[in-house]
Amino acid sequence: MNWIDSHCHLDFEVFNEPLILNTNLRESGCAHVLVPAISEQYFSRVQKFQIDANQHHKDLVYIALGLHPYFLKEHKAPHLERLDCLLSEHRPMAVGEIGLDFALPPETHESQIALFEAQVLLAKKHQLTIVVHARSSHDRVCSILKRHKFINGGIIHAFSGSFQQAQNYLRLGFVLGLGGALTYDRARAMHKMVQQLPSSAYVLETDSPDMAPAFARGQVNTPMNIPKIAQSIANLRGEALDKVYQDSTDNFMRVMLSSNDPV
Ligand SMILES: [Zn+2]
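For the sequence shown, the working numbering begins at 79 and goes up steadily by one.
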């Protein structure tokens, strides 16, 4: 099987032997990974990572470029201008990782919203999808996407919201990134949500190197954990592993690849 990890940070220093990792990825059945940047400092780094990896394995690495809300203090106005340029020059798969992290102190929320809106508008301008980090902020993210009539869709990364919130995103053309969090027994609400989702609703992700699944606790998380995460989804939904593979692959292709034709 050719699995897709729709969200991992393989450019991070913890993966100090990226080429070995890339070889292992293909050998272990991982065909594509999407690596989003988190700040301007990382733009050239993820671009280089993509170029190096794809020299050996065609289309192994897709990238997204964006300014992550968690690193708000690092972002400056010229970084948005640089992003604007790179979106036309480099043509990444998506704008990301962008969003709203309302677990951060309330006094940061207004600046987070301004930064998120600016990047949603860039994605609109360049006709790209977005990769969204949304923590304690799903309703606000949805209302911003609606207000800006953002119809390109994308991925809501590490989704663990309610079924109602899932439906709101699906109506806007998004898919939900499901990962290691659902492998924990205590994640009951999430299990129920995963059981209720339509087959067209989700993609797989690890968020490597963080968010280690229950079966790999204490280890560095890598995209090679994707098949086991998929097996947990298959168990929860009472489906064959093959169906989870097919649905998650189709969903990624439909949302992320069909809208990525250069304008
Ligand atoms: Zn991430």
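All residues carry an ideal CB built from backbone N, CA and C; glycine is no exception.
query: Burial state of A115 (16 or more Cβ within 10 Å); result: buried
query: Check: D285 C-beta below 6 Å from any heavy atom of ligand 1; result: yes
query: E175: CB within 6 Å of a non-hydrogen atom of ligand 1; result: yes
query: Same chain, Cβ closer than 6 Å to V124, five either side skipped, listed in chain order; result: D89, V113, A115 and I141
query: Entirely enclosed beta strand (DSSP E) segments - the stretch 84-140, minimum 3 residues; result: 108-114
query: Whether G232 touches F252 by CB criterion (7 Å); result: yes
query: Cβ contact check for the stretch 294-313 and the stretch 278-286: 3 or more pairs under 8 Å; result: yes
query: Among I307, P291, S166 and K270, the one whose alpha carbon lies nearest that of Q205; result: S166
query: Proximity to S189 [Cα-Cα], best of H153, Q274 and R315; result: H153
query: As assigned by DSSP and simplified to three states, the class of H269; result: helix
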